[in-house]
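Numbering-wise, our numbering puts 309 at position 170 of the sequence shown, and it's gapless, one number per residue.
Here's the structure we're looking at; comments come further down.
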Amino acid sequence: MSTSSIPVGRILQASNQGFVVGCKAMQREIPAFGSFVRADIRSSGTAVYGLIYNVALRDDEFVRHIVIAEPTEEVVRDQQENRQVPIEVSVLTVGCRVGDRILHCIPPQPPVTMDFLYQCPPEEIWAFTSRLDYFRLILNARDVPADELLAASLGFAAAARPSGERDAFLLEAGRELARLLGSDLLRLDGLLRRIAQIRDVS
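Rendered as structure tokens:
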């Protein structure tokens, strides 16, 4: 585990294809939609990689009672920072690490409940995205905004590279998408437009 990894929260539920993490409050360092995260499976020395695809603030009964009572700023800030119901972060699994090898596949076992989920630092994102086999796992995922998720992940992957390497990486990503989506030109066109937007701002 990289020493620069930032804890996101603790795992509430997990399967091989994805997991849900509970966070205490919205913090600036909590990763955004499409960012790369990692859960370490300490018992086997492996790790599971994923992409955040949803952040949900579930119902809080106490907030229901005070929201109509014109609460003070102090009360509002306290509820935002010390929620009684955790913020739930949903993650799609896109690979794993076994020993020194990074694999773009469904892992043999999911992470364990209450383990930490970590935000991947740039060097780890670079290593994971040095190959693009994980595209297929995103494109085939159900109940996930797959195209938006893939585009957002490419933004993070490009940002993890030196500025002189970003265009080449995004061009390679476009070629891989053309190979995978050659029979779905409408979907391909939408993704290529998103990649062009990333290039414009990177």
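For glycine and all other residues, C-beta sits at the position ideal for the given N, C-alpha and C.
Predicted, not measured: the structure shown is a model, and the values here were computed from it.
The three-state secondary structure of G303, taken from DSSP, is helix.
Between A178 and A153, the C-beta gap is smaller than 9 Å, which places the two residues in contact.
Excluding its 5 nearest sequence neighbours in each direction, T268 has C-beta neighbours in its own chain below 7 Å: A296, listed in chain order.
Approximately 6 Å separates the beta-carbon atoms of V228 and V147; this is inside 8 Å, confirming the contact. Between I245 and the set E304, R338, R333 and I277, the nearest pair of CA atoms involves I277. Residues of the same chain with a CB within less than 7 Å of the CB of R300, apart from the 5 flanking positions on each side, are W265 and F308 in chain order. Pairing E263 with R240, the inter-Cα distance amounts to about 12 Å. Along the length of the stretch 209-265, whole beta strand (DSSP E) runs at least 3 residues long occupy 226-237, 240-242 and 255-258, reported in chain order. With 16 or more other Cβ atoms from the protein chains shown falling within 10 Å of its own Cβ, L293 counts as buried. Looking at R181, Y188, A195 and G238, the one whose alpha-carbon comes closest to that of Y273 is Y188.
Out of L256, E311 and Q336, the CA that lies nearest to the CA of G157 is found in L256. When DSSP states are grouped into helix, strand and coil, D282 belongs to the coil group. Scanning its chain for C-beta atoms nearer than 7 Å, with the 5 sequence neighbours on each side dropped, one finds around L242 the residues G234 and C235, in chain order. Looking at P170, I337, R338 and S183, the one whose alpha-carbon comes closest to that of I191 is P170. When C-alpha distances from V230 are compared across S182, A280, R216 and A290, the shortest belongs to A280.
In this model, V159 and Q248 are separated by some 15 Å (Cα to Cα). Collapsing the DSSP output to three states places L271 in coil. Here the alpha carbon of P260 sits roughly 14 Å from the alpha carbon of G173. Under the criterion of beta carbons closer than 8 Å, D286 and L330 qualify as touching, at roughly 6 Å. Straight across, the Cα-Cα distance linking T252 with L288 is about 25 Å.
The beta carbon of L196 lies closer than 7 Å to those of I226 in the same chain, with the five residues before and after it left out.
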